[in-house]
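Undergrad: Numbering (full-length UniProt numbering), first residue to last: 1 to 65. Quick reminder that beta carbons are idealized off the backbone N, C-alpha and C, glycines included.
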């Protein structure tokens with residue numbers, strides 16, 4: 001089983017949270033990266049944050065957001 005991770009930092013690059021979640025097998029890296037970005041956005045909503053910056057090597061996924 002694989003897992004995904006999300007690190008949350010404030011504007012001064014101080015760590016606020018680290019979240020790791022197991023995931024079922026995914027067929028490719030793009031799907032896994034999509035799940036990570038979705039998890040990050042859900043975490044943002046749950047914490048009531050209004051300004052976020054998504055950092056990822058999945059440029060196509062980030063651009064679609």
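(1) To the nearest angstrom, report how far apart residue 9 and residue 26 are at their CA atoms.
(2) Rounding to the nearest angstrom, what Cα-Cα distance links residue 13 and residue 33 in this structure?
(3) State buried or exposed for residue 6, treating a residue as buried only when at least 16 other CB atoms are found within 10 Å of its CB.
(4) What would DSSP say about residue 88, mapped onto helix, strand or coil?
(5) Mapping DSSP to helix, strand and coil, what is residue 2?
TA: Per the coordinate set shown:
(1) Here residue 9 refers to the residue found at position 9 of the chain shown. Here residue 26 refers to the residue found at position 26 of the chain shown. Each residue's Cα considered, the two are about 27 Å apart.
(2) For the purposes of this step, residue 13 is taken as the residue at position 13 of the chain shown. For the purposes of this step, residue 33 is taken as the residue at position 33 of the chain shown. If I take the Cα positions, the gap works out to 22 Å.
(3) Against the chain shown, residue 6 aligns to sequence position 6. Per the 10 Å Cβ criterion, buried.
(4) Nothing about residue 88 can be read from this structure; the chain reaches only from 1 to 65.
(5) Sequence index remark: in the chain shown, residue 2 carries index 2 (1-based). The answer is strand: DSSP assigns residue 2 an E or B state.
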